[in-house]
Every structure is written in C-alpha cells, then in structure tokens.
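Peer 1: Before I ask anything, here is the structure I am working with.
Protein chains: 2
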Amino acid sequence: MSLSLEECRDRIRTELDTVVDFWLKHSHDTVHGGFFTCIGRDGTVYDELKYVWLQGRQVWMYCRLYRTMDRFQRPEILEAAKAGGAFLRRFSRVSSSTSQWKCAFCLTRDGKAVKIQRTIFSECFYIMAMDELSRVTGDKDMQVEAEQMMEQLTHWVQVDSSGLGRPKLPGDIPTNSMAVPMMLLCLVHQLTQDRGQEVVQKYRELGRWCVQQILQHIQRDGTAILENVSLNGAELRGCQGRLQNPGHALEAGWFLLQYSAEQGDDELKTTAINKFVELPYQCGWDKEHGGLFYFLDVDGHCPTQLEWSMKLWWPHCEALIAFLMAYSQTKKPELLDRFFHIYEYTFSNFPDAKSGEWFGYLTQDGKVALDFKGGPFKGFFHVPRCLYMCERMLDHLLANRG
Amino acid sequence: MSLSLEECRDRIRTELDTVVDFWLKHSHDTVHGGFFTCIGRDGTVYDELKYVWLQGRQVWMYCRLYRTMDRFQRPEILEAAKAGGAFLRRFSRVSSSTSQWKCAFCLTRDGKAVKIQRTIFSECFYIMAMDELSRVTGDKDMQVEAEQMMEQLTHWVQVDSSGLGRPKLPGDIPTNSMAVPMMLLCLVHQLTQDRGQEVVQKYRELGRWCVQQILQHIQRDGTAILENVSLNGAELRGCQGRLQNPGHALEAGWFLLQYSAEQGDDELKTTAINKFVELPYQCGWDKEHGGLFYFLDVDGHCPTQLEWSMKLWWPHCEALIAFLMAYSQTKKPELLDRFFHIYEYTFSNFPDAKSGEWFGYLTQDGKVALDFKGGPFKGFFHVPRCLYMCERMLDHLLANRG
C-alpha cells in the first residue's frame, strides 16, 4: 500500500467536483422547484417523486459547500439551494391535528404529499436545511423556524411521541434506537456551531442527553455496539436487540468525536474511537470480500434484512470520515492505515468511471447490484459530505505536517 | 433433461414429508400456543415474535393437509392446527375505534400486539385459517367468523379504506395493487369450495370483480403484467407503475386458472396461461444465472428494491404450481417442459440437504444469502402448499395417463 495523503486529497478533491457537477446537471427541477432524486446511472430521471429527506440534505450540502469552500461559492449553487429551500418550506410540512410541524416523507413532483413516516427524520433534514440556509442567506426567520421545529422534535423524542401517529401497542416496547440520539446530536451541532453563547446554552443539556443515549448502545461488556436497546440501556430480546449496523455506529463515532473535541472531553474521545470507530470496523468488515456489511447479528445468526450482506456506499463514507477524524485528533498511525484500507476498497468499487458519481449498492462480492446514482434513500449527501469533510481534514493535515 | 412425472412426484412427496416434519418438530410453542416462525437453518428459534400472516397460514396448511391427504391425518397435526387457531382467535385481533376486525401484523410470544399494518393481509390469512379449520372441526362459529371478517375486508377494499388507518394524502393516488384482488379471489375460492349454492351465490359477484381487477394488470398492449395500476386500469407514473413482480403474476395465474376451471371459462383460461403464466416466466427468468427475478422494471430501469435481483423461494413455488396446472388443463407439452425447467432450478438450489426444508433467499447467482428456514415472511406455507398441490396434480396426471 503506497497511498499518500496528497494522493488521497487530490483524488477526493477531483471526485467532489465531479459529484457536484453530476447533481447540478441532472437533479434540478426548473419547473416545479426542488430536486429530482431518482436519477439513473447516466443522469436520467427515472422517477419524479421527491423524497423529503433528500430535498433537505441537498439544500444543506449545497449551502455548506457554498459557505465554506471558495471554489463552490458559485451563484448557481446558492440559487439551487434557495430554490430547494423554498420548495421544502412551501410543500413538505403537512398539517395534522396534533402538530403544525410534521413533514411528509415523499412528495409528488409538484409538491403534494404522498407518504408520511411516523418518525422524526424528514423533520431532522428540514432543520438541517433551514439552519444552514439561514447561515448562507442571513435569513433569521429560517433560523427561528429551524429552532421551532427542533423544539417539536425534542418534545416527540423526550416527552410524548403520540404526535408522530404511531398507535400505542402493548407489545411494542419503547426503544432507544441509535438513529434518534445520533440525529439529534448532529442537529445540536448544526444549530450551535459558531453561534453565540445563548444558543449554545439552549442546547447544552440536549447535547449531553444525546451522548448519554448513544453510549447506552455499548453492550456486551464493551464488545459490541447494538443498534436498539431499551430505554434504560438494557439489551432487547430477539433480532431487534441483536442487530448491528456498522455504518451507523461509525457515523455515531465521528459525531461523538466532533462533540468531544468541542467539549475538550478526552475520555469521550477515547470511548468514541475504541467503541464506535474501531469496534464496528473490526466486526463489520468482510474478511473474505472486503467492505462493510450493512447489518449483522451480534450472536452470528443470519439477519432477517434481505440486504444484510450487501455493501452500501454510505457506511463506507462514514468509515472514511470516522477514521480520518480519529487520526486527525490522535495522530496514531494505525488509524491512518485503516483509513487507507477503507479508501482503497471504496475508491476501487463505488465510483462510476463512466458517468460520474458513485454506485450505491454492491453485492457482497463487490459487483454493482443497483446501478442508479440517486434513489429513495440515496441523494446528494453521504458522498459529497464524506468528500467534503475528508478534503478539509486532509488539507489541514497536509498544511500542519512538520 | 430426463425428468419423468414419476420422479418428480416421488421427490415432491418425500420433500413434503420432510418439510412437514421440520415444522412439527421446531415451530410449536407448547407454552404460549401458536407457532414460532423465526427458525434458523438447523431448527433453532432465533426470535420469538409471532407474525400473524404466518400463524394463519400454518393453521390453514395443517388443516388442508389433514383434511385432504390420508398420510397427514395425524392427531398431532390436528391438535397443532387447533392450538394455532385458538392463539389467533385469542390474540391477533386488536380492538380499534373503527373496527372489531383489525388484526395485528406481529405479536409477542405471549400474544401482545407489536405492530399493525395498514393493509388487509393479516386479516386475509386469519380468514383462510378460520375457514379451513371450520372444515376440519365442523365448528360453524369459525365459518361464520371467517365470513364476517370477509365482509369487513370487502368493505375496506370496495367501499371505504379509512378503517385501515392510512391518512388520506393528496399525492397518494388510489391504486389497484395486484395483491389485493388476488388475495380476495383466493379467499372467495376458500370460502365457497364444496359449499352449498347459498355461499357460492353470496360470493359470485365478488369473484367476478376480483378477476376483472386482476385482468386490469395486463398492460402495454398485452405484453406485460404490471404490479400496480390506477383504479380504472391505466398505467401509473414512475417506478410504482413500471414495477413487475413475476412471482406474483404467476401466483395470480394459477388463481385465475382455478377460477376459470370452476366456471368453465375457456377464454379466461387462455388469458391466464398466456398473460399470467407464460409472460411473467418469459420476462422474469434470469437467462444468465437461472431462476426468477424478484422485481423488474418494465422499461429496464434498475428497480429501487435492494433485493430485486435475488432469487426467492416463493416465486419458484408459484411457478411450479402455475405451469403444472396449466399443463394439467391443456396437456400442451411445452408447458410441461417449462415445469421441468423450473423444477430443475428449484430443486437444485432451494432445498437444504443437511437440515431439511428450503432456503428462502439466494443471491442472483444462486448462493444462499440468508440461511434461515423461517423468518418474518417465510413460514409453513409456500413450500408445503406448492409440494402439496404439485403432488396432487402429478398423482392425477399419472393416474389418468393412457
């Protein structure tokens, strides 16, 4: 393995340009606003539905690139972000008897609600979009809207989830599902970063709570991260309790690393690296074919998810960020070796040399199983966020090299 | 290919015995009643949740075997069916404000509701179970209960679906999804077979309606069966409208063949064979690796279902029944050739020679992807129903051979 930091940085930089160009070219709906997200291998739109997670994520990503990277400070990117934000504000919230803040999961091309999920995730990405857009445009109303929706979200998660619309059933035990505190911690970071003490103070307790909720997923005497635990942090019975999602754990890992750096919490940093970065890589890496499994069962049973052994793009994106962040914070060479190892697999298998952007779904042995570039759950988010964050970290490492 | 009808019949007969033994041995919950359905490769229960579809299906299958095949007229089978029926009646119905008939999708081991689907399928399998159990036990109450639930179901499908609990959304266009008329036609057959004219009469119109609804799925000038169409039989936009599910079409094929035989409707028989048996086989068979794809897009786009290219056990079960029934009704040798072709693939890939029963989920190239014998959607149903029906058809063909 003869990779260097420069090589990686240069490849990542080029790749980010290609990916941004792909979405700028193919995903904008200039008639109804918002973004097409079902985009085939060569850029063809194969379905006009607009998935709200992906609308919010694309607005966020455009704004972040525009705001923090000189070469993306292009008017077309800002205009696209604003148009996407306007589409979101106009169409994604669906009135309900219990809340003015519930968002749809999926909209028609012209913005009519098709489906609502009884979870918080559409709302999470709405918040990310609004907050980041407010930073670019200086529009305080959007920031206020993001914080108001955050208040509703926190209420659903911490106080009363009935507004989400799930019927209460006697056998449906309340669960601490890792996605929820992870997303909330990500939002706390989003809402508070570089903002004044008042905002920081407002979300301090929530941030602590999220970390504590995430840490509950360390189970089996510290040997495993489990995706679902009980509300008091005990292991749940059955498949649900034994489920592992290495990509999710790795993503939580870099959220925790980011948080521990802000707080100067070295103990948390060590836990994040050992338990949420190293451990999921150890148990999630496919020793035979390479790549990270999508799901695993901690006791070695076969997961019931049909796609458990597939290699998805996003866990690899999260792993790259996690290991490079862990290395940046510690300078331990073995963490950089891991980064290079994951980098090799990722860049050998996911990018599409022919039409640009990345394939999302490979078989266990690395063949392309689904060849589209965008789908109901793959948009302009994990790939560019990974490339963006890695480019910045590599720039920083290279600039500060002895 | 040197297969003979005798060989197939003998193998199928042996296989049915093995499969029945597997579930008799591993799936009975003697403490709480009902059946475990999450059963690992070797018979180990890896999750205690009880999926209602599979509870109903297992009761139905035990009863059908007990009632119609001498060698399964064993007390342990009858007792298991009765115990399963008692569990279903006691626990599966969940009270709601709008209906006394809504069933849960999933229960805890001791019968507490964990999840409710906003569809009709748990109720469908409840009806199948109750009706067949009433035939074995002579319990008229169960028959009445089956018919009462059928009335509720028909109301949800034909008059007002609001009792299912799905919010009405402006972008969510009402759809004729093939599963619905298929299941209702299957239930009409179940409730009326060998029953008096009064019952037959009661469901005659519904049967006709189901057939007409199923035939709406013939699209593209008769060249494709599409899984979802509009309520007036037009093609829907996007992925949903282009979706093909060859196994489902084949299953609908033999439901239609059964119906056309009862009605003496030769035109329907021809349509069933050409459009619902031959066509899905032609477009659904993987020319490279063999086996039927799970999902396809009629325009050749990549389906968004991650499992689209996997080979599942049940489409192959349905294909075997469909081609053997088509051959039995027509004696056209090319239909028997197809049966043998599918038989070869199926019996070479799905049965587990080591621990018995069949694997359910193979990769596109035929490797076992998930090795359990029972899971949330695989129980004691498609495999034994296929073996049972094929054995009977083969017996009949062999007995009536010149």
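Heads up: the sequence lines are chains A and B, in that order.
Just so you know, UniProt numbering puts 228 at position 228 of the first sequence, and the rest follows in order with no gaps.
Just so you know, UniProt numbering puts 151 at position 151 of the second sequence, and the rest follows in order with no gaps.
We put the beta carbon where it would ideally sit given N, CA and C, even for glycine.
What you are looking at is a predicted structure, and each value in this text was computed from that prediction instead of being measured.
1) Strictly below 7 Å CB to CB, what residues from chain D border P170/B?
2) If we count the other Cβ atoms within 10 Å of its Cβ and call it buried at 16 or more, is R220/B buried or exposed?
3) Do you know how far the Cα of P351/A is from the Cα of V19/A?
4) Using only alpha-carbon positions, find the residue among R89/A, W314/A, S99/A that is nearest to L107/A.
5) Mind listing, in chain order, the continuous alpha helix (DSSP H) runs of no fewer than 4 residues lying wholly within the segment 242-281 of chain A?
6) Closest by CA to G33/B, which one among G56/B, H341/B, C390/B, R41/B?
7) For Y281/A, would you say it is in contact with chain B, using Cβ-to-Cβ distances shorter than 8 Å as the test?
8) Just to confirm before moving on: does the CB-CB distance between V298/A and L187/A stay below 8 Å?
9) Name the one or two DSSP bridge partners that I39/A has.
10) Tell me which same chain residues have a C-beta within less than 7 Å of the C-beta of H289/B, skipping the five on either side of it?
11) Taking the C-alpha atoms as reference points, what is the distance between H189/A and Y259/A?
12) Pairing CB atoms from the segment 107-124 of chain B with CB atoms from the segment 151-171 of chain B, are three or more of them under 8 Å?
13) Taking one C-beta from the segment 129-137 of chain B and one from the segment 164-182 of chain B each time, how about it: are there three or more such pairs within less than 8 Å?
14) Give the DSSP-derived three-state secondary structure of P351/B in the structure shown.
15) Does A234/A come within less than 8 Å of chain B when only Cβ atoms are used?
16) Give a yes or no on whether the C-beta atoms belonging to C239/A and D17/B are separated by under 8 Å.
17) Just to confirm, are L257/A and I214/A a CB contact at a threshold of 8 Å?
18) So which residues of chain B does E48/A contact, with C-beta pairs closer than 8 Å?
19) Identify, in the order they occur along the chain, each residue of the same chain with its Cβ nearer than 8 Å to the Cβ of A369/B, setting aside the five sequence neighbours on each side.
20) So, at 7 Å on beta carbons, what are the nonlocal neighbours of Q216/B in its own chain, with the 5 sequence-adjacent residues on each side left out?
21) Nearest CA to the CA of R74/B: which residue from T98/B, D21/B, L54/B, T37/B?
22) Between which two residues does the alpha helix (DSSP H) holding A234/A run?
23) On the DSSP bridge list, what partners appear for I77/B?
24) Spatial neighbours of L397/A within its chain, please: C-beta separation below 7 Å, excluding the five flanking residues on both sides.
25) Note down the Cα distance separating D194/A from R135/A, rounded to an integer number of angstroms.
26) Mark K140/B as exposed unless 16 or more other C-beta atoms lie within 10 angstroms of its C-beta, in which case mark it buried.
27) Who does I218/A pair with in a DSSP beta bridge?
28) Can you give me the Cβ contacts of K275/A inside the same chain, cut-off strictly under 7 Å, excluding the 5 residues immediately before and after it?
29) Can you grab the Cα-Cα spacing for the pair E145/B / G207/B, in whole Å?
30) If you draw a straight line from the alpha carbon of I77/B to that of W60/B, how long is it in whole angstroms?
31) Could you give the distance in angstroms between the alpha-carbon of C317/A and the alpha-carbon of C386/A?
32) Can you find the residues in the same chain that come closer than 8 Å, C-beta to C-beta, to L279/B, ignoring five residues on each side of it along the sequence?
33) Taking Cβ positions, are G379/B and T37/B nearer each other than 8 Å?
34) Closer than 7 Å by C-beta to E391/B: which residues in its own chain qualify, once you throw out the five before and the five after it? Chain order, please.
35) Going along chain B, which residues have a C-beta under 7 Å from A224/A?
36) Compute the distance between the beta-carbons of L320/B and T346/B, then report whether it is under 8 Å.
Peer 2: Answer, in terms of the structure:
1) Annotation note: the requested chain D is absent from the structure, which comprises protein chains A and B.
2) exposed
3) 10 Å
4) R89/A
5) 246-263, 266-271
6) G56/B
7) no
8) no
9) V45/A, G374/A
10) Q364, D365, G366
11) 8 Å
12) yes
13) no
14) strand
15) no
16) no
17) no
18) R237, G238
19) M310, Y361, L362, T363
20) N176, V229, G233
21) D21/B
22) No alpha helix (DSSP H) contains A234/A, which DSSP labels as neither H nor E.
23) Looking at the DSSP assignment, I77/B forms no beta bridge with any residue, so it has no partner.
24) L5, S328
25) 10 Å
26) exposed
27) I225/A
28) I218, G222, I225
29) 20 Å
30) 11 Å
31) 5 Å
32) T223, A224, I225, A249
33) yes
34) R9, I12, R13, L16
35) Those do not exist, as A224/A stays about 17 Å from chain B at its closest Cβ, beyond 7 Å.
36) yes
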